Structures are given as structure tokens and as C-alpha cells.
Amino acid sequence: MTIKTINTTPYADQKPGTSGLRKRVPVFQQANYVENFIQSIFDSLEGFAGQTLVIGGDGRFFNDVAIQKAIRIAAANGFGKVMVGQGGILSTPAASNIIRQYKAFGGLVLSASHNPGGPDGDFGIKYNVGNGGPAPEKITDAVFARTKVIDSYKSVDTPDVDLGTVGTQQVGDMVVEVIDPVKDYAALMQTLFDFEAIRGLFAGGFRMTFDAMHAVTGPYAHAILEGMLGAPKGTVQNGTPSPTFGNGHPDPNLVYCKDMHDLLMTPDGPDFGAASDGDGDRNLIIGKNRFVTPSDSLALLAANAHLAPGYRQGIAGIARSMPTSAAADRVAEKLGIEMHETPTGWKFFGNLLDAGRVTICGEESAGTGSNHVREKDGLWAVLLWLNILAVRKQGVDAIVREHWKTYGRNYYTRHDYEEVDSAIANTLVDDLRAQLPSLPGKILGDDLQVAYADDFTYHDPVDGSTSAKQGVRIGFTDGSRIVLRLSGTGTVGATLRVYLERYEAADGRHDLDTQLALEPLIGISEQLAGIKARTGRTEPSVIT
Ligand code: VG1
Ligand code: CO
Numbered sequence: 001m002t003i004k005t006i007n008t009t010p011y012a013d014q015k016p017g018t019s020g021l022r023k024r025v026p027v028f029q030q031a032n033y034v035e036n037f038i039q040s041i042f043d044s045l046e047g048f049a050g051q052t053l054v055i056g057g058d059g060r061f062f063n064d065v066a067i068q069k070a071i072r073i074a075a076a077n078g079f080g081k082v083m084v085g086q087g088g089i090l091s092t093p094a095a096s097n098i099i100r101q102y103k104a105f106g107g108l109v110l111s112a113s114h115n116p117g118g119p120d121g122d123f124g125i126k127y128n129v130g131n132g133g134p135a136p137e138k139i140t141d142a143v144f145a146r147t148k149v150i151d152s153y154k155s156v157d158t159p160d161v162d163l164g165t166v167g168t169q170q171v172g173d174m175v176v177e178v179i180d181p182v183k184d185y186a187a188l189m190q191t192l193f194d195f196e197a198i199r200g201l202f203a204g205g206f207r208m209t210f211d212a213m214h215a216v217t218g219p220y221a222h223a224i225l226e227g228m229l230g231a232p233k234g235t236v237q238n239g240t241p242s243p244t245f246g247n248g249h250p251d252p253n254l255v256y257c258k259d260m261h262d263l264l265m266t267p268d269g270p271d272f273g274a275a276s277d278g279d280g281d282r283n284l285i286i287g288k289n290r291f292v293t294p295s296d297s298l299a300l301l302a303a304n305a306h307l308a309p310g311y312r313q314g315i316a317g318i319a320r321s322m323p324t325s326a327a328a329d330r331v332a333e334k335l336g337i338e339m340h341e342t343p344t345g346w347k348f349f350g351n352l353l354d355a356g357r358v359t360i361c362g363e364e365s366a367g368t369g370s371n372h373v374r375e376k377d378g379l380w381a382v383l384l385w386l387n388i389l390a391v392r393k394q395g396v397d398a399i400v401r402e403h404w405k406t407y408g409r410n411y412y413t414r415h416d417y418e419e420v421d422s423a424i425a426n427t428l429v430d431d432l433r434a435q436l437p438s439l440p441g442k443i444l445g446d447d448l449q450v451a452y453a454d455d456f457t458y459h460d461p462v463d464g465s466t467s468a469k470q471g472v473r474i475g476f477t478d479g480s481r482i483v484l485r486l487s488g489t490g491t492v493g494a495t496l497r498v499y500l501e502r503y504e505a506a507d508g509r510h511d512l513d514t515q516l517a518l519e520p521l522i523g524i525s526e527q528l529a530g531i532k533a534r535t536g537r538t539e540p541s542v543i544t
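Residue numbering for the sequence shown is 1 to 544, as defined by full-length UniProt numbering.
Structure follows, in C-alpha cells:
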């Protein structure tokens, strides 16, 4: 088999964001765009000769094309084996598990997650390291530096690999093993949760609806919920992955899952609703008459994890991304365990999980997970919820209310302004940063006093690395908080995210409307940042 070295010219825009490189599909379709990026990843790594690379994606448009390119480049660069999901499918948490279980060198996850797919939608490529988690910044920085100067890539001349059948094939000197995308993941879930108890729950008439959003969790949810756990057929909706996600937007939030939300608010609706995103790492949880915010869900899962067999010994610690509400902090405090605040993006949890300092992690963006893999995991969260419901024999609403009565409630919302002009968004953030030193001590709104105002810098306690400029935080003396940052996953213009939080004590009022409860903070954020005046928007594009 001859290895070809093909000349190429660099692209200037291949900087990985919060979770890999994400661009519109036509950008990825440019000559050598995929090749340059994948070769730059391999050029930034050492010691993979003869080792295994895992490849899988969420099945979106262009997945099949990119996988064939990735396999050829991997063969030409000297990997010994590629493990790829049948049909090119692996959810992000399943890919993480395969990397860990088979001690692979690393993996390529082909996904733009919750972004829409299709010829005009988004595509993405992310590299995960040997612990199964997203590459740390040290590697993504090296990859970006390499993309700016790359002048050739390696490939082999072979026909496309047949991804339709499980089994092994040969590409040059490299073995390609097509694997069942669901089997190992389902087996892992079985070690963590009390499947017997959950089967009992369904057998007792518990009614659930799960929306796979035409994305990657369909096959997993069919196999686990309807197959292994005995949920009635039809529990899983939109369960066949489609390259365009059924022309939908596979983001499990109250905008794109509004119908499910409304169903759960009706008296004869199901007991429990859940959804996951394009690549299967996010989760939305809605109980009968109770939407659970992702920040609350993290706190609740941490407080109740010991009810599931995999966490019976208790949890070592909790980590949350900085914009995530402090609800989990109160649980950690009560349990007397470590609590960590990290920048946005799952890659920052890896070191803490590897060091055994935390067991459960979460983000306000509907991501929760544990040390079972090194990615957030949508179905894992759903199964842990089901395990808790089965053991506690209470509904979601009752459990949430009890939690608030014990720990207090962190009212929480996020306002997104999408596709804002980048220059305007950057100036807005710069101007806000400039105000920060003058804010502490000031009274804003009617009566809120600023306790601190800074741009978050993270010091990784495990490897000592520092990540600066991770988002503006303005904290108030009553525990309220405003956070503002620019998204690192958008593909057009800038997305401005404003995160608002207010704490209400255990004996306080837990039944306020969230947007009303946070109105004073919404006003202050507007006063400080001038979002409406600068962007011309009258309201956020998405409220979660
Ligand atoms: C967003 C979320 C972040 C999440 C990231 C990847 O990033 O805020 O919490 O980790 O998406 O999730 P950003 O930079 O746009 O705010 V996923 O499911 O898109 O891989
Ligand atoms: Co995702």
C-alpha cells in the first residue's frame, strides 16, 4: 500500500472552540479542509504508531464523507487500528467509553452537537485523548498552531470502507473494526444503575416520553429504555438518526422541546419527559408539572446519586462550569465533599475526574455526567433520574420541592442573543470588562450590592495550568450573580450568553416565576452591558 503525501495550503480559521472545530458544512467541503485539520491533529500528537483510534459521529450530513477521509489519513499516519461505529454512528459518551474500554490512543468525534445539520447546517470534528475526554487546551492550541502552517497531509488510495457491517477489514497495514455502537455503552449503564428497579417502575405503569430529536441517541434509547428496561414501544420518539435531524434543531431546550414541555404540563400527560441532543451528551429533564433546570438537575443528581448502585459508596466531589448555578455547591457543602468551579466546556473536568477528586460534573447547558466516561452523557442522566424515581417512589416535582426545602432554591435562567455581529459583541464584552474594577461596593438596581466583579480565571488544581478570560462574573452580596460570555460553539457571528441567578433560602419563596424572580438582575445586566441598545435586539433569541 503506497502512502501518498499530498501538498496543501493552510486555512486560517481552524481554531477549535469550546468543543472542537465547528463550521458550516460548505466550509468543511472546501478542498483539503478536513484533511488539513485531521493531519494537524496527528501532527500534534506523539507515540500513536500501531495504536488504536476510535472514530464515530452523530450521523449528521457529511459524517460519512469525513469518516472515510479520517480512516485513510489514520492509515497513512501509522495507526494500527481504527474502531468505528456501525454506520459511522457513535454518541459522544459512547465514543468516550470505547476509547477507555479498549485503551485506544484517542478518538475523533464527528459532531456539531446541538447545532442543526444538513447541507447548509453545521459539522464538527473534535479530538479526544486516551482518557476518553476532549483534548485539553495544550493540545487544541498546538493543533491550531499547526493548521496555520501545514503544507502537506498523508493519505492512502483505497476504496471506501464498508461501515454497514460489524466486523474487521484491512486498509493498508491498518485494521478497521466496525463495532456495534450501542452494546458496550448499554453494558456500562447496566453496571451503574438498578435496571431491575427501573424495570419495575415501567411495569407499574410509569409513563415516560423520550425525544431523541432524530439524532444519535435513538438507537441507544430504543435498546436501553424499550429493550432492556421494558418501557412501552413508542416511549422513544424520533428515534431514527437522520442526516438533517428531520430538518430540526437537535437542542434539547424549552424552545425546541416545547411540545414535550406542554404535554408534561397537562393533567393526563406522562410522568416523565426527557430529550437529548445531536451527539447524545446533553439531557433535558421534565417531570409532570415540573421542568428541572440543568443546574438543579446537577444538584439533585449529586444529592441522590448514592441511590444508584454505581455510586452507592458516595461521591468524591462535584464540579460545575462557572456559569452553572451554585445549587450543587450547597449539596457538596452538606456532604462535606470537594466542589470545583471550572470554565465552560467538558475538557476542564478531565483532570479532576482522572485524579479522583470529583465524581459528578455538570453544566447549565444541559450537560451532566460522571467518572464513568470523560464526556457529559445524556442517557446516563436520564437513567440516573429513573433510578432515583424508582427508589424514592416519588414524582419529579415532589423530589425537586423537597430539595429546595433542604438547600434553598437557585432561580436560574440563561438569555442567549444569537448571530450578533462579532465586532459589536466583542466591543460589548470589552466595555463591560473595563467597568469591572469600579463595580465592587456599588448598589445596582434597587438594592443589590456588588460583592465582586471579575473575568473568571481558572487555575487547574491538578496540572497547575491557567485559563484566563473565561467570562465576566458580577456577584452580589445576597448570592445573586450575573455572568456574561461569548459562545465558543457558534458558527455564524457571535452568540452572547447572559446567565442570571438568585438564591432563595430554604424557608423562602420557591414558587415564583423564574423570569419575574430574576427581573431585577435582567435589568442590571442591561444597564451594565447595553445589550439591547448595542445589538438592536429587543429580546433574547433563546431563553433557557
Ligand atoms: C456550549 C455550552 C457548554 C458546552 C458546549 C459543548 O458552549 O455552553 O456548556 O460544554 O456548548 O456542548 P458555548 O461555548 O457555546 O457556550 V455540546 O453538547 O455542543 O458538545
Ligand atoms: Co452535545
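Heads up, the beta-carbon is just placed ideally off N, CA and C, and yes, glycines get one too.
In this text the structure is predicted, and so the values were computed from the model without any measurement.
8 angstroms Cβ cutoff, residue i in contact with chain D
| i | result |
| --- | --- |
| Ile482 | Reference to chain D is not applicable here, since this structure consists of a single protein chain. |
Identity of the residues DSSP links to residue i by a beta bridge
| i | result |
| --- | --- |
| Met339 | Ile318 |
| Ala494 | Val420 |
| Cys361 | Ala319, Gly369 |
| Ala274 | Phe210, Ile285 |
| Lys138 | Answer is none; Lys138 lacks a bridge partner. |
| His415 | Val498, Ile543 |
| Leu484 | Val472, Val498 |
| Thr406 | Thr406 is not bridged to any residue. |
| Lys154 | Thr5 |
Top-ranked residue by Cα proximity to residue i, from the options
| i | options | result |
| --- | --- | --- |
| Thr544 | Val171, Tyr499, Thr535 | Tyr499 |
| Gly239 | His261, Pro250, Lys532 | Pro250 |
| Leu188 | Asn371, Ile360, Phe144, Leu428 | Asn371 |
| Ile524 | Asn36, Pro93, Leu229, Ser480 | Ser480 |
| Gly88 | Asn128, Gln101, Glu177 | Glu177 |
| Thr165 | Pro181, Asp157, Cys361 | Pro181 |
| Gln515 | Asp397, Trp380, Tyr411 | Tyr411 |
| Tyr503 | Leu512, Arg497, Thr495, Thr52 | Leu512 |
| Arg22 | Leu110, Ile98, Arg282 | Leu110 |
| Arg72 | Leu484, Ile388, Ile38 | Ile38 |
| Val175 | Leu53, Ser487, Phe348, Ala12 | Leu53 |
| Pro10 | Ala215, Ala145, Gly132 | Ala145 |
| Gly80 | Asp416, Gln170, Met228, Cys361 | Gln170 |
| Cys361 | Ser325, Gly17, Phe28, Leu432 | Ser325 |
| Ile3 | Asp194, Asp173, Arg409 | Asp173 |
| Asp446 | Glu519, Leu486, Val420 | Glu519 |
| Gln470 | Thr359, Arg497, Leu45, Pro134 | Arg497 |
| Tyr220 | Phe62, Leu521, Thr406, Gly85 | Gly85 |
| Gly230 | Phe195, His261, Cys257, Val216 | Phe195 |
| Ala76 | Gly50, Gly336, Gly133 | Gly50 |
| Glu46 | Val483, Arg100, Ala95, Gly130 | Gly130 |
| Glu402 | Asp463, Gly246, Asp478, Ala303 | Ala303 |
| Gly408 | Thr489, Val331, Asp259 | Val331 |
Presumed contact (8 angstroms Cβ cut-off) between residue i and residue j, rounded CB distance
| i | j | result |
| --- | --- | --- |
| Ala316 | Asp296 | With a Cβ gap of about 21 angstroms, Ala316 and Asp296 do not count as contacting. |
| Leu298 | Thr368 | 5 angstroms |
| Arg534 | Leu428 | 5 angstroms |
| Ala232 | Arg60 | Checking the sequence, you will find Pro at residue 232 rather than Ala. Rounded, the Cβ-Cβ distance is 29 angstroms, inconsistent with contact. |
| Gly218 | Val236 | 7 angstroms |
| Pro252 | Arg282 | 6 angstroms |
| Gly300 | Ile399 | For the sequence presented, residue 300 should be read as Leu rather than Gly. Going by Cβ atoms, the distance from Leu300 to Ile399 rounds to 7 angstroms, so yes, they are a contact pair. |
| Ala529 | Ala425 | The Cβ separation is near 10 angstroms, so there is no contact. |
| Phe270 | Met213 | The amino acid occupying residue 270 in the given sequence is Pro; Phe does not appear at that position. Their Cβ separation, rounded to whole angstroms, is 17 angstroms, which puts Pro270 and Met213 out of contact at 8 angstroms. |
| Pro294 | Glu364 | 5 angstroms |
| Asn36 | Gln14 | 7 angstroms |
| Ile55 | Val34 | The Cβ separation is near 12 angstroms, so there is no contact. |
| Asp279 | Ser91 | 6 angstroms |
| Asp454 | Leu432 | Rounded, the Cβ-Cβ distance is 11 angstroms, inconsistent with contact. |
| Ser44 | Val143 | 5 angstroms |
| Phe193 | Asn387 | 5 angstroms |
| residue 556 | Tyr417 | Residue 556 lies beyond the range of the chain shown here (1 to 544); nothing can be said about it. |
**OP:** Specify whether the stretch 450–463 and the stretch 474–485 touch according to this definition: at least 3 beta carbon pairs, one from each stretch, less than 8 angstroms apart.
**Re:** Touching, yes.
Subject >> Sufficient close CB pairs (3 or more, under 8 angstroms) joining the stretch 183–199 to the stretch 366–383 >> reply: Contact between the stretch 183–199 and the stretch 366–383 is present, because at least three Cβ pairs lie under 8 angstroms.
Subject >> Contact between the stretch 340–350 and the stretch 301–312 (3+ Cβ pairs under 8 angstroms) >> reply: Contact fails: fewer than three Cβ-Cβ distances are below 8 angstroms.
**OP:** Would you list, in sequence order, the uninterrupted beta strand (DSSP E) runs of no fewer than 3 residues that lie entirely inside the stretch 24–109?
**Re:** Residue ranges of uninterrupted beta strand (DSSP E) with 3 or more members, entirely inside the stretch 24–109 and ordered along the chain, are 52–57, 81–89.
Original post:
Are the stretch 157–175 and the stretch 122–138 in contact at 8 angstroms, needing three or more beta carbon pairs?
Top reply: With the rule of 3 Cβ pairs closer than 8 angstroms, the stretch 157–175 does not count as touching the stretch 122–138.
**OP:** Let me know the beta strand (DSSP E) ranges lying completely inside the stretch 426–480, each 3 residues or longer, listed in chain order.
**Re:** Segments of the beta strand (DSSP E) lying fully in the stretch 426–480: 448–455, 472–476.
**OP:** Decide yes or no for the touch test of the stretch 351–359 against the stretch 65–83: beta carbon pairs closer than 8 angstroms, at least 3 of them.
**Re:** The stretch 351–359 vs the stretch 65–83: no contact.
Original post:
Is the stretch 256–274 in contact with the stretch 376–395, if contact means three or more CB pairs nearer than 8 angstroms?
Top reply: Contact between the stretch 256–274 and the stretch 376–395 is present, because at least three Cβ pairs lie under 8 angstroms.
Subject >> Three or more C-beta pairs below 8 angstroms linking the stretch 107–122 and the stretch 391–405 >> reply: Taking a cut-off of 8 angstroms on C-beta distances, the stretch 107–122 does not touch the stretch 391–405, as fewer than three cross pairs fall below it.
Original post:
Is it a yes or a no for the stretch 110–120 touching the stretch 197–211, going by three-plus beta-carbon pairs under 8 angstroms?
Top reply: These segments do not touch.
Subject >> Inside the stretch 211–277 only - beta strand (DSSP E) runs reaching at least 3 residues >> reply: Qualifying beta strand (DSSP E) stretches, in chain order: 272–275.
Original post:
Enumerated in chain order, which unbroken segments of the beta strand (DSSP E) with a length of 3 residues or greater are wholly contained in the stretch 147–205?
Top reply: As far as the stretch 147–205 is concerned, its whole beta strand (DSSP E) runs of at least 3 residues are 152–156, 167–171, 174–179.
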